[in-house]
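**Student:** Residue numbers (full-length UniProt numbering): 1 to 172.
Here it is: the structure, laid out below.
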C-alpha cells in the first residue's frame, strides 16, 4: 500500500505570506472562499453584506447583497428609497424572510444528510477494516447481505480448490 505523500487539508495559520508570488496565488485561491462565506452568512441570517477586497496587485474585488447602494445607505444612516409604501415593503420583507427560512431548512437538511452519509461511510469503512483484520472467513454470517454471502461462498470455494490443489501436489 502506497504511503500518503501530502499532509492533506489542514488549517492555515493567519499571517502575512512573505513570498509575493505565493501571496498572489493564495489570494486567488481563497477569494472564492470569502464570497462563499459571505453568501452563507446572508442565507443563514438574512444580513445585508458589502465588502471590498483589494488584491495584492491592487485590483478591487467587491461583493454586496442586496446592493452596494442599499448597504452603504443603511450604514451611513440615509433613508432607503421611498419607492414602496410601508404595506408593500412589509409584504416583500415577509416573502423574503419566508424564502430565507425555506432556504435555511434546505441547507440544514443537506448538511444533516451529508453528516449521515459521512457516518455511514465511516461505519462501512470500519466494517471493511474489521473484516480485513479478522479475515473474511470469520465474518458474522447473520450480518451479511445476499451479495456479501455470495462473495463469501465464492471465496470459500476458491479456498477449498486451492487447498485441494496443494494437498494433491504434496501427495505426489
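C-beta atoms are modelled at their ideal positions from N, C-alpha and C, and glycine is treated no differently.
With distances taken from CA atoms, which of 128, 52 and 116 is nearest residue 35?
**Tutor:** Of the listed residues, the one whose Cα sits closest to residue 35 is 52.
**Student:** Near residue 141, which residues of its chain fall below 8 Å by C-beta distance, leaving aside the five closest residues on each side in sequence?
**Tutor:** Closer than 8 Å at the Cβ level, and outside the excluded window around residue 141, lie 149 and 152.
**Student:** Please go through the region 73-157 and give each complete alpha helix (DSSP H) segment of 4 or more residues, from N-terminal end onward.
**Tutor:** Whole alpha helix (DSSP H) segments, 4+ residues: 86-134.
**Student:** Whose C-beta lies closer than 8 Å to the C-beta of residue 27 among residues of the same chain, with five residues either side of it excluded?
**Tutor:** Counting only Cβ-Cβ distances below 8 Å, and skipping sequence neighbours, we find 55 and 56.
**Student:** Nearest to residue 59 by CA position, among 47, 78, 24 and 103, is which residue?
**Tutor:** Nearest of 47, 78, 24 and 103 to residue 59, Cα basis: 24.
**Student:** Check residue 62 in the structure and name its three-state DSSP category.
**Tutor:** Correct three-state label for residue 62: strand.
**Student:** Would you call the CB atoms of residue 43 and residue 108 closer than 8 Å?
**Tutor:** Not closer than 8 Å, so no.
**Student:** Quick one: what does DSSP say residue 47 is sitting in, helix, strand or coil?
**Tutor:** Correct three-state label for residue 47: coil.
**Student:** Could you tell me the alpha carbon to alpha carbon distance between residue 110 and residue 102, rounded to whole angstroms?
**Tutor:** Using only the alpha carbons, I get a separation of about 12 Å.
**Student:** Using 8 Å for Cβ pairs, my map puts residue 41 next to residue 50. What's the rounded Cβ distance?
**Tutor:** Not quite, the Cβ-Cβ distance comes to about 12 Å (not below 8 Å), so this is no contact.
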